[in-house]
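Heads up, the thing below is written out as structure tokens.
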Ligand code: NAP
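In the numbering used here, the protein residues as written are 4 to 539.
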């Protein structure tokens with residue numbers, strides 16, 4: 004398509020998920036002219052694309068929601084403790100409408116390149132819709148877990164049945180009633196879709212390579228009284244989140260103290276009762292039982308053993324239960340809260356196919372061959388994961404000073420300053436992206452967004468044009484991030500946090516695992532008087 008006229012704006016934002024929407028709100032508030040591009044035909048990001056049956060958040064909605072506006076926080080009422088995808092999308096649309104965001108968003112348009120122009124010191128952004136925009140600042144709000152891994156199986160092109168990916172689920176209802184359905188992948192998405200689809204299929208085949216640790220989500224309808232109580236102490240809740248490791252802190256939909264002890268400091272009885280309490284509350288609450296669960300193997304084992312015992316109690320057939328049992332340190336891969344996932348394997352029409360025993364040979368016209376035997380299928384669903392953190396940005400041609408490509412830079416290992424930018428790419432930021440802390444993504448977007456707007460303000464006050472990471476600040480941040488990861492158990496299992504799910508991806512930690520408090524300290528140090536940055 005021929006290029007349309009070149010627009011000039013202060014800031015281009017890529018992506019209109021929760022992070023992009025906050026950036027848009029903040030940019031306007033900061034008096035910046037802004038343009039946002041979004042590949043989907045609506046806002047919502049993750050909750051726009053992942054509309055598979057069973058898709059549901061696993062952080063309590065009272066926490067997994069914007070904090071920037073007291074009014075917004077108070078006026079919106081969640082119907083469930085953990086909302087399903089439709090309600091999360093409604094919330095995103097409500098925010099977009101409330102702040103007239105759509106005026107500055109161009110939908111169904113993918114950014115294909117962002118190239119720094121040395122002469123004008125601006126970013127030239129091009130889209131697949133033929134737009135060219137010149138921007139002072141570029142912000143990638145492209146999501147941390149948003150670039151799906153396409154299924155790559157021999158013979159898949161011959162399969163004549165229906166094919167779906169959880170991460171690109173079509174709009175509208177699908178009917179699996181009476182059909183033979185296969186699901187490949189048992190991470191959080193696979194687990195959610197299996198639990199839901201199992202309700203009305205003819206026969207279900209779950210193709211599992213690595214079993215996940217799961218815990219009941221314990222979802223229920225919101226209790227208006229409890230909600231009102233929390234709304235009255237929202238400031239306290241947000242403060243607590245800010246002091247916490249991951250920004251999700253509640254138990255039983257209420258404020259809950261942060262952990263202060265090692266699991267090894269307490270008696271076995273006390274620990275057991277703590278874990279029972281966390282299982283009864285559900286969701287991600289085990290992350291906060293003790294301070295050292297992801298640091299110390301012995302401490303980690305106490306939680307892992309408890310989780311396995313709980314999981315096995317729910318599966319009738321001991322052979323199936325054994326196959327569903329994980330063999331790595333708990334929490335080093337994402338814990339998967341679920342509703343009746345394990346119980347689905349007690350249904351006569353649900354089959355667990357252990358791909359470690361019988362790997363996938365190939366697809367045929369009528370099904371899939373595993374361990375030499377064909378399983379006939381009408382439908383195959385892939386829940387095979389994402390190119391986490393770097394994937395979404397790697398799919399865009401991003402070039403900084405001297406035409407250097409960001410993808411090339413990251414091909415030998417991830418580098419960033421504060422998980423928000425890298426040297427040689429002036430005024431180019433990302434939110435919820437590579438090297439960001441493991442933290443409630445909506446709240447993190449607000450925090451990082453505010454840092455970016457503050458940098459823009461400081462730059463303006465200094466009468467300067469460009470801000471970019473100092474190479475030495477970046478090296479220090481990368482060293483710190485890697486050193487912290489090495490102190491944890493994450494490098495000990497195969498997991499996407501370390502890039503292990505992508506063949507050829509350098510094995511480097513993709514998240515800052517030092518906790519949000521330590522992360523904020525780094526940001527405050529770097530952004531104060533822009534000390535961590537070069538300005539020009
Ligand atoms: P994932 O955790 O990366 O899981 C992908 C699954 O596909 C794994 O079981 C993986 O097995 C399997 N797989 C990949 N390639 C395969 C192959 N060639 N053959 C067989 N199996 C294959 O991805 P996800 O489930 O989409 O979840 C990603 C993240 O999104 C979650 O960790 C979570 O952070 C987020 N999420 C959150 C929610 C929620 O809030 N409720 C819901 C869904 C997702 P291996 O492990 O053996 O590679």
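Ideal Cβ placement from N, Cα and C applies to all residues, glycine included.
Here the structure is a predicted model, which is why all the values come from computation and not from measurement.
How many angstroms separate the CA atom of residue 444 from the CA atom of residue 435?
6 Å
How is residue 4 classed by DSSP in three states: helix, strand or coil?
Note that residue 4 has pLDDT 47, beneath the 50 cutoff, so the model's placement of it is unreliable and the number below is only indicative. In the structure shown, residue 4 sits in coil (DSSP, three-state: anything other than H, G, I, E or B).
Would you check if there are 3 or more beta carbon pairs closer than 8 Å linking the stretch 72-85 to the stretch 358-375?
no
Helix, strand or coil: which one does DSSP assign to residue 598?
Only positions 4 to 539 of the chain appear in the structure, and residue 598 is not among them; the question remains open.
Beta carbon of residue 499: closer than 7 Å to some heavy atom of the ligand NAP?
yes
Can residue 389 be considered in contact with the ligand NAP, in the sense that its beta carbon sits closer than 7 Å to one or more heavy atoms?
yes
Between residue 189 and the ligand NAP, is the CB less than 7 Å from at least one heavy atom?
yes
4 or more residues per run - each alpha helix (DSSP H) lying fully within the stretch 376-447
394-397, 409-413
Is any heavy atom in the ligand NAP found nearer than 7 Å to the beta carbon of residue 386?
yes
Using a threshold of 8 Å, state whether the C-beta atoms of residue 247 and residue 519 are closer than that.
yes
Go ahead and label residue 175 buried or exposed: buried means 16 or more other beta carbons lie within 10 angstroms of its beta carbon, across all protein chains shown.
exposed
Using a Cβ-Cβ cutoff of less than 7 Å, which residues in the same chain neighbour residue 70 once the five nearest sequence positions on both sides are dropped?
76, 241, 446, 449
Does the ligand NAP have a heavy atom nearer than 7 Å to the CB of residue 363?
yes
Please classify residue 306 as buried or exposed, where buried requires at least 16 other C-beta atoms within 10 Å of its C-beta.
buried
Grab the span of the beta strand (DSSP E) containing residue 126 for me, first residue to last.
125-130
By the three-class DSSP mapping on this structure, what secondary structure does residue 13 have?
strand
When the Cα atoms are used, what is the spatial distance from residue 64 to residue 539?
42 Å
Entirely within the stretch 212-277 and at least 4 residues each: give me those alpha helix (DSSP H) ranges in chain order.
227-235, 237-246
Are residue 396 and residue 472 touching if we call contact CB-CB under 8 Å?
no
State yes or no: is the C-beta of residue 347 nearer than 7 Å to some heavy atom of the ligand NAP?
no
Classification of residue 5 by the beta-carbon crowding that lies within 10 angstroms, buried from 16 upward:
Interpretation of residue 5 is limited by its pLDDT of 48, a score under 50 that renders its predicted location unreliable; no figure is taken from the coordinates.
Inside the stretch 161-205 only - alpha helix (DSSP H) runs reaching at least 4 residues
191-200
Run through the DSSP bridge pairs and tell me what residue 537 is partnered with.
471
Would you call residue 47 buried or exposed, if buried means 16 or more other Cβ atoms sit within 10 Å of its Cβ?
buried
4-residue-minimum alpha helix (DSSP H) runs that sit fully inside the stretch 82-107, ordered along the chain:
88-101
Restricting to Cα atoms, I'd like to know which of 513, 207, 304, 350 is closest to residue 390.
513
Quick one: Cα of residue 459 to Cα of residue 262, how far?
37 Å
Classify residue 11: buried if its beta carbon has 16 or more other beta carbons within 10 angstroms, exposed otherwise.
exposed
Quick check: the Cα distance between residue 229 and residue 298, rounded to an integer number of angstroms?
34 Å
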